[in-house]
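Novice: Quick one: the structure is below, questions incoming.
Residue numbers (the working numbering): 19 to 351.
What follows is the structure, encoded as structure tokens:
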């Protein structure tokens, strides 16, 4: 994959503190996912260390007077709290967004469940982020930091139903798994709230990445949305540990789990750019990739989390940033 350009997340917001647009300017931007608006004007970025939503304008958006913003979450009690946000997806039917929390505590200290916020985003509104609904996912994890790492919204053309696809971070959706080729997606359907019960996202099935994809973890998923939103279409899944991207296809089927992945005819696991300082050794430098979104048919935009203190200097140089990468031209022809 070819690097086209990149920028730190902070570069978009560094001037905000000068104009008191946020009371306390964050000292870090642990970006966990990104999505490009359908008009291509802005990218929305979520962070696992805070509830703010980042609005970063594209070059196209700037030509329409778009401005970068760090939007505050409407619940002021959560300000300066860790959000555990790990994915964001767009619902074209309602023009709203879904944001997933990886795994949060439940009444049972040994069980954690992910939570999905449905929100509206309108930068012109006096309250630019509004919560429409908050619903737990009825899927148990036994640890808080190995839950769902990516989210997508899909329409099933035949049934006319909509679903969320939640990407598990661990192989087999189990942090104790010792395999490296069991990437898994959980298909979710919402049960609406009633006078007697709250809303919940119910799993209706799971489907796996091809077994030829050997990843130690899974950090993000993005579907290339054609104007008609029809399937099959291309899909990208990233691995933070391997610093790689798998490109395949997703299509719908008529019975649960209603969707499936398939490989393209070519080798479609791609390394993110490596260091080239030593001819005999190529090292990973994109060590913290957490989010991905398509930009046209042959480009991806990725976001990276904050580097760990024990990581290599190359990792630190690439953390908390946006990365624009080009795919081989033949890949999605």
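Built from N, CA and C at the ideal position, the CB exists for glycine as well.
1. Report the CB separation of residue 209 from residue 220 in whole angstroms; it is logged as a contact under 8 Å.
2. Is the beta carbon of residue 320 closer than 8 Å to that of residue 256?
3. Quick test of the definition: if touching needs 3 or more C-beta pairs under 8 Å, does the segment 257 to 272 touch the segment 167 to 184?
4. Taking all protein chains shown into account, decide if residue 215 is buried (16 or more other Cβ within 10 angstroms of its Cβ) or exposed.
5. Our contact map puts residue 242 next to residue 252 with C-beta atoms below 8 Å; I'd like the distance itself, whole angstroms only.
6. Near residue 310, which residues of its chain fall below 6 Å by C-beta distance, leaving aside the five closest residues on each side in sequence?
7. With burial defined as no fewer than 16 other Cβ atoms inside 10 Å of the residue's Cβ, what is the status of residue 305: buried or exposed?
8. Excluding the 5 residues preceding and the 5 following residue 115 in the sequence, name in chain order all residues of the same chain whose CB lies nearer than 8 Å to its CB.
9. When you compare the CB positions of residue 357 and residue 76, do they come within less than 8 Å of one another, or not?
10. With respect to the beta strand (DSSP E) encompassing residue 155, which residues constitute its N-terminal and C-terminal limits?
11. Which partner residues of residue 115 appear in the DSSP bridge assignment?
12. Looking only at C-alpha atoms, which of 47, 79, 58 sits nearest to residue 65?
13. According to DSSP, what are the bridge partners of residue 175?
14. Just list the residues that DSSP pairs residue 62 with in beta bridges.
15. Should residue 132 and residue 155 be called a contact, given that it needs their Cβ atoms to be closer than 8 Å?
16. Can residue 92 and residue 68 be called in contact, C-beta distance under 8 Å?
17. Can you tell me which of the three DSSP states residue 259 falls into?
18. Assuming contact is defined by CB atoms lying nearer than 8 Å, are residue 281 and residue 228 in contact in what I supplied?
19. Tell me where the beta strand (DSSP E) around residue 17 begins and ends.
20. Suppose the cutoff is 6 Å on Cβ atoms and the five residues either side in sequence are ignored; what does the same chain contact list for residue 168 look like?
21. Just to confirm my understanding: we take residue 341, look at its own chain, exclude 5 residues before and 5 after, and list those with CB closer than 6 Å. What are they?
22. Roughly how many angstroms separate the alpha carbons of residue 163 and residue 120, rounded to a whole number?
23. Going by the DSSP bridge assignment, what does residue 278 pair with across the sheet?
24. Could you check where the beta strand (DSSP E) with residue 186 kicks off and where it finishes?
25. Which of the three DSSP states, helix, strand or coil, is assigned to residue 331?
26. Using beta-carbon positions only, say whether residue 334 and residue 322 come within less than 8 Å of one another.
27. With distance defined between alpha-carbon atoms, name the residue in 326, 21, 170, 292 nearest to residue 247.
28. Assuming residue 226 and residue 198 form a contact by the criterion Cβ under 8 Å, report the distance between their Cβ atoms to the nearest whole angstrom.
29. Taking the beta carbon of residue 200 as the centre, do at least 16 other beta carbons fall within 10 Å, making it buried, or is it exposed?
30. Taking the Cβ atom as the reference point for each residue, do residue 73 and residue 90 lie within a distance shorter than 8 Å?
31. Roughly how many whole angstroms lie between the Cα atoms of residue 316 and residue 265?
32. Candidates 28, 32, 60: which alpha carbon is nearest residue 312's?
Specialist: In this structure, then:
1. Numbered from 1 along the chain shown, position 191 holds the residue referred to as residue 209. Numbered from 1 along the chain shown, position 202 holds the residue referred to as residue 220. Contact holds; Cβ gap of about 5 Å.
2. The count along the chain shown starts at 1 and reaches residue 256 at position 238. The count along the chain shown starts at 1 and reaches residue 320 at position 302. Closer than 8 Å, so yes.
3. With the cut-off at 8 Å, the segment 257 to 272 and the segment 167 to 184 touch.
4. Counting from one through the chain shown, the residue named residue 215 turns up at place 197. Residue 215 comes out exposed.
5. Reading the chain shown from its first residue, position 224 is the one you call residue 242. Reading the chain shown from its first residue, position 234 is the one you call residue 252. Cβ-Cβ separation between residue 242 and residue 252: approximately 4 Å, consistent with a contact (criterion under 8 Å).
6. Locating residue 310 in the chain shown gives position 292, counting from the first residue. Only 238, 240, 254, 256, 318, 320 meet the Cβ criterion.
7. Here residue 305 is taken as the residue at index 287 of the chain shown, counted from 1. Residue 305 is buried by the Cβ-count criterion.
8. Counting from 1 along the chain shown, the entry for residue 115 is found at position 97. Within the same chain, residue 115 has close Cβ partners 53, 62, 106, 107, 108, 109, 136, 137, 138, 139.
9. Residue 357 is absent from the model: the chain starts at 19 and stops at 351.
10. Working through the chain shown from its first residue, we reach residue 155 at position 137. 147 to 159 is the extent of the beta strand (DSSP E) around residue 155.
11. Translated into positions along the chain shown, residue 115 becomes position 97. For residue 115, which the question treats as bridged, DSSP gives the partners 108, 137.
12. For the purposes of this step, residue 65 is taken as the residue at position 47 of the chain shown. Residue nearest to residue 65 within the set 47, 79, 58 is 47 (criterion: CA-CA distance).
13. Stepping through the chain shown from its first residue, residue 175 is reached at position 157. DSSP lists no bridge partner for residue 175.
14. Position 44 of the chain shown holds residue 62. Paired residue(s): 53, 73.
15. Here residue 132 is taken as the residue at index 114 of the chain shown, counted from 1. Here residue 155 is taken as the residue at index 137 of the chain shown, counted from 1. Cβ atoms of residue 132 and residue 155: closer than 8 Å.
16. Residue numbering aside, residue 92 sits at position 74 when the chain shown is read from its first letter. Residue numbering aside, residue 68 sits at position 50 when the chain shown is read from its first letter. Not in contact: residue 92 and residue 68 (Cβ atoms no closer than 8 Å).
17. Here residue 259 is taken as the residue at index 241 of the chain shown, counted from 1. Coil, per DSSP.
18. Here the question's residue 281 lines up with position 263 in the chain shown. Here the question's residue 228 lines up with position 210 in the chain shown. A contact, by the Cβ cut-off of 8 Å.
19. Residue coverage of the chain in this structure runs from 19 to 351, which leaves residue 17 outside it and unanswerable.
20. Along the chain shown, read from residue 1 onward, the residue named residue 168 stands at position 150. Contacts found: 105, 185, 238, 239.
21. If you number the chain shown from 1, residue 341 lands on position 323. Correct list, in chain order: 24, 320.
22. By one-based count along the chain shown, residue 163 stands at place 145. By one-based count along the chain shown, residue 120 stands at place 102. Approximately 7 Å between the Cα atoms of the pair.
23. Stepping through the chain shown from its first residue, residue 278 is reached at position 260. Per the DSSP secondary-structure output, residue 278 pairs in a beta bridge with 269.
24. Counting from 1 along the chain shown, the entry for residue 186 is found at position 168. Taken as a continuous stretch (DSSP letters only), the beta strand (DSSP E) holding residue 186 covers 180 to 186.
25. For the purposes of this step, residue 331 is identified with residue 313 of the chain shown, where counting begins at 1. Correct three-state label for residue 331: helix.
26. If you number the chain shown from 1, residue 334 lands on position 316. If you number the chain shown from 1, residue 322 lands on position 304. At a Cβ-Cβ threshold of 8 Å, residue 334 and residue 322 do not count as neighbours.
27. Translated into positions along the chain shown, residue 247 becomes position 229. Proximity to residue 247 across 326, 21, 170, 292 peaks at 170, based on C-alpha coordinates.
28. Taking the first residue of the chain shown as position 1, residue 226 is located at position 208. Taking the first residue of the chain shown as position 1, residue 198 is located at position 180. About 13 Å; that fails the 8 Å criterion.
29. Stepping through the chain shown from its first residue, residue 200 is reached at position 182. By the beta-carbon neighbour count (other beta carbons within 10 angstroms, threshold 16), residue 200 is buried.
30. On the chain shown, position 55 is the one that residue 73 refers to. On the chain shown, position 72 is the one that residue 90 refers to. Going by beta carbons, residue 73 and residue 90 fall outside the 8 Å limit.
31. Mapped onto the chain shown, residue 316 falls at position 298. Mapped onto the chain shown, residue 265 falls at position 247. One C-alpha to the other measures close to 11 Å.
32. For the purposes of this step, residue 312 is taken as the residue at position 294 of the chain shown. Closest option to residue 312, Cα to Cα, is 60.
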